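Numbering-wise, UniProt numbering puts 462 at position 462 of the sequence shown, and it's gapless, one number per residue.
For every residue, glycine included, the Cβ atom is placed at its ideal position computed from N, Cα and C.
Treat the numbers as computed from the prediction; the structure is a model and nothing was measured.
As structure tokens, the structure follows; a few thoughts come after it.
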Amino acid sequence: MSNNRQPHKCPIFGTIEDIKENVLPTYQDVMKCYEWNRLQVKIKNVSNKEPAFSEIAEIVTRKVEVSDRAGAAIASAVLHELSSDIVIDKSKLRRERRKTRDTLMKNQAPLNLPALYFDGRKDKTLKIVKKGTKRYKQVVIEEHVSVIKEPESIYVGYVTPLQGTAKAIEISINALLSAKNISTVDLLAIGCDGTVTNTGKFNGVIRLFERRLQRPLQWIICMLHLNELPLRHLFDYLDGKTSGPSTYNGPIGKLLDKCETRAVVEFESIPGQLPTLKPDDLSTDQKYLFEITLAVITGSCADDLANKSPGKMSHARWLTKANRILRLYISTPTPSTNLIILAQYIVKVYTPVWFQIKTHSSCKDGSRHLWKLIESSRFLSSALKAVIDPVIQRNAYFAHPENLLLAMLTDGEKHIRELAARRILKARSSPTTGKLPRTFEVPELNFDAKSYIDLINWQETNFDPPILKNQTNDELIQIIEKKGDETMLFLRLPCHTQAVERSVKIVTEAAMSACDKKSYAEIR
Numbered sequence: 001m002s003n004n005r006q007p008h009k010c011p012i013f014g015t016i017e018d019i020k021e022n023v024l025p026t027y028q029d030v031m032k033c034y035e036w037n038r039l040q041v042k043i044k045n046v047s048n049k050e051p052a053f054s055e056i057a058e059i060v061t062r063k064v065e066v067s068d069r070a071g072a073a074i075a076s077a078v079l080h081e082l083s084s085d086i087v088i089d090k091s092k093l094r095r096e097r098r099k100t101r102d103t104l105m106k107n108q109a110p111l112n113l114p115a116l117y118f119d120g121r122k123d124k125t126l127k128i129v130k131k132g133t134k135r136y137k138q139v140v141i142e143e144h145v146s147v148i149k150e151p152e153s154i155y156v157g158y159v160t161p162l163q164g165t166a167k168a169i170e171i172s173i174n175a176l177l178s179a180k181n182i183s184t185v186d187l188l189a190i191g192c193d194g195t196v197t198n199t200g201k202f203n204g205v206i207r208l209f210e211r212r213l214q215r216p217l218q219w220i221i222c223m224l225h226l227n228e229l230p231l232r233h234l235f236d237y238l239d240g241k242t243s244g245p246s247t248y249n250g251p252i253g254k255l256l257d258k259c260e261t262r263a264v265v266e267f268e269s270i271p272g273q274l275p276t277l278k279p280d281d282l283s284t285d286q287k288y289l290f291e292i293t294l295a296v297i298t299g300s301c302a303d304d305l306a307n308k309s310p311g312k313m314s315h316a317r318w319l320t321k322a323n324r325i326l327r328l329y330i331s332t333p334t335p336s337t338n339l340i341i342l343a344q345y346i347v348k349v350y351t352p353v354w355f356q357i358k359t360h361s362s363c364k365d366g367s368r369h370l371w372k373l374i375e376s377s378r379f380l381s382s383a384l385k386a387v388i389d390p391v392i393q394r395n396a397y398f399a400h401p402e403n404l405l406l407a408m409l410t411d412g413e414k415h416i417r418e419l420a421a422r423r424i425l426k427a428r429s430s431p432t433t434g435k436l437p438r439t440f441e442v443p444e445l446n447f448d449a450k451s452y453i454d455l456i457n458w459q460e461t462n463f464d465p466p467i468l469k470n471q472t473n474d475e476l477i478q479i480i481e482k483k484g485d486e487t488m489l490f491l492r493l494p495c496h497t498q499a500v501e502r503s504v505k506i507v508t509e510a511a512m513s514a515c516d517k518k519s520y521a522e523i524r
């Protein structure tokens, strides 16, 4: 075939192309996408047969992410524009979509599961209830736990545990894996948030998984959740508790809801440092946090930033709460001492740690993030450190030797890597290492540590990180013999649970739009 052929063109809209990612599509984009997909399907057909319009409409509307009704209207509009008298109705499009989903699910390859991440919430759920001979729709509150596979953040499914207990959640997740023929033989790690239901050292979800498998797993407890907890407790201590779903009783909290309507005034800058990153790669709320923090550091806020929304006010979203606190700070002529303290904490601790986690998201960096959180917060008074330090201590899962040794094994200093290799090799020689019972307990922290390796007394422990199960002793010996010159490759997993939170959001949306379990299973 010649390489100088002209690209296919639509007589009305010109060169055809697929829908671009992260761009709100126009009608022109949709019609270009229709022609582009029509050509792709036609090329794949052995007989070069023209595909059915409903087949193309299903592909396009799935990419554009519109409902069956809206998709049918768009498809019919395209046909009308092309002077056709054919009409696509929503039922035909729905059948085509279901047919495609069934094919995708049937052809889904068995998943290898090196790491399992889960999270859940209680959702308003649409149910079909039978009363006598009739059926009615009814909205109930139901807990949904979403499960994904890491790395690659592949959606596995969701479960509805009978109760909110750790045992019920663990049983339901295992039932899901069994139903999908997903083996846990290669499971090395579990990721989740730090609620006691998940992390209880005797009967938490992770511990129950370890008992079932009769071996330890790597505990990866979300670092972004940890970063929020000290700010939450500091705010409650300085301004008081909540008074409603999105309101507070304190003088600062009462002003947060309408803070974006206040005019920016001259304000005192707060020194701080942010990591280098590309703001365009961030979500809207994260980009606002980066920009508003930078404005407070420089002491200057652009008009464009002042006119932007800091994000939805919610007790569950502390990123937008931080946005609103800084927005209130730069619009208050004489800020109170408590408002200044909160603004300082966000600029010096919360924001830098948040973006350090985002830019270095591997589980190998978790211990370094924990130390950064502690070290950055030492500017607070003794009374305020007494508020946040117990919170950090309770949630310092990345200070456990199994996580700390991962960080040391990937340290920039050769002698640190060598020390880690020696300690792991020594642990492997112990007859109890890698076997149950081993209780995962958060160690006592040294809050005066000058480096992450000084957070705990790791020299007196015998732990082999479970994530290194497939790495041999010879690889560790190589690191020791070459004085840390060698590096070890092992499974890289995120130290946060944002990917599974996105799945939770999708399941929440589906709960009020689908009534049957099969429709939920089609979420991909």
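One question on the structure: do residue i and residue j come within less than 9 Å of each other, judged by their Cβ atoms?
i           : j      : result
Thr276      : Val347 : no
Lys124      : Ile141 : yes
Cys192      : Phe267 : no
Ala386      : Ile477 : no
residue 600 : Val156 : As shown, the chain starts at 1 and ends at 524. That puts residue 600 outside it, with no answer to give.
Ile120      : Val139 : At residue 120 the sequence reads Gly, which differs from the Ile that was named. No. Outside cutoff.
Leu234      : Leu162 : no
Ile221      : Thr199 : yes
Ser309      : Glu260 : yes
Glu210      : Arg438 : yes
Ala166      : Asn203 : yes
Among the candidates the options, whose CA atom is the shortest distance from the CA of residue i?
i      : options                           : result
Leu187 : Ser309, Phe267 and Glu150         : Glu150
Gly240 : Gly253, Leu231, Glu228 and Val156 : Gly253
Lys122 : Lys505, Ala514 and Phe447         : Lys505
Thr410 : Leu491, Leu373 and Ser381         : Leu491
Phe355 : Leu319, Ala302, Tyr248 and Glu501 : Leu319
Thr497 : Thr165, Asn227 and Gly164         : Asn227
Ser503 : Ser153, Glu96 and Pro230          : Ser153
Ile456 : Arg212, Gly194, Ser367 and Asp485 : Ser367
Leu177 : Val159, Gly132 and Glu210         : Val159
Tyr327 : His315, Ala166, Asp303 and Ala316 : Note on residue identity: the sequence assigns Arg, not Tyr, to residue 327. Nearest option by C-alpha distance: Asp303.
Leu229 : Val353, Ala510, Val391 and Leu468 : Val391
Leu339 : Val205, Leu256, Ile128 and Phe440 : Leu256
Trp458 : Leu489, Lys426 and Ser269         : Lys426
Asn174 : Lys201, His225 and Leu113         : Leu113
Ile270 : Ser300, Leu224 and Tyr248         : Ser300
Ile467 : Ile424, Lys130 and Lys137         : Ile424
Lys358 : Ile453, Asp454, His225 and Thr298 : His225
Thr508 : Phe379, Tyr329 and Leu126         : Leu126
Ile453 : Ile479, Leu489 and Gly412         : Gly412
Thr461 : Leu111, Phe440 and Asp474         : Phe440
Looking at the structure shown, is residue i part of a helix, part of a strand, or coil, going by DSSP?
i      : result
Val139 : strand
Gln273 : coil
Thr298 : helix
Ile340 : helix
Asp389 : helix
Gly253 : helix
Glu375 : helix
Thr461 : coil
Asn22  : Only weak support exists for where Asn22 lies, its pLDDT of 43 falling under 50; the coordinates are left without a value.
Gly157 : strand
Val504 : helix
Ser172 : helix
Gln478 : helix
Ser146 : strand
Leu208 : helix
Pro230 : helix
Glu126 : This sequence places Leu at residue 126; Glu is not what is there. Strand, per DSSP.
Ile182 : coil
Leu328 : helix
Asn473 : helix
Using a Cβ-Cβ cut-off of 8 Å (strictly less than) and excluding sequence neighbours within five positions of residue i, which residues of its own chain qualify?
i      : result
Lys483 : Lys414, His415 and Glu418
Thr351 : Gly272, Leu274, Leu289, Phe290, Thr293 and Ala322
Gln6   : Since pLDDT at Gln6 reaches only 47, below the 50 mark, its modelled position is unreliable, and no value is offered.
Residues in the same chain with beta-carbon distance under 7 Å from residue i, minus the five sequence neighbours each way, listed in chain order, please.
i      : result
Ala396 : Leu370, Val442 and Leu445
Asp365 : Ala407 and Cys495
Ala306 : Val264
Thr184 : Leu113, Leu177 and Leu213
Ser361 : Pro494, Cys495 and His496
Asp485 : Lys414
Gln471 : Met488 and Phe490
Starting from the C-beta of residue i, find all residues in its chain whose C-beta is less than 6 Å away, skip the five residues before and the five after it, and write them out in chain order.
i    : result
Ser2 : Below a pLDDT of 50, predicted positions are generally treated as unreliable, and Ser2, at 41, falls in that range; no measurement from the model is reported.
Does the segment 215 to 224 come close enough to the segment 399 to 418 that 3 or more CB-CB pairs lie under 8 Å? yes
Below 8 Å, how does it come out for the segment 445 to 458 and the segment 374 to 390: are there three or more Cβ pairs, yes or no? yes
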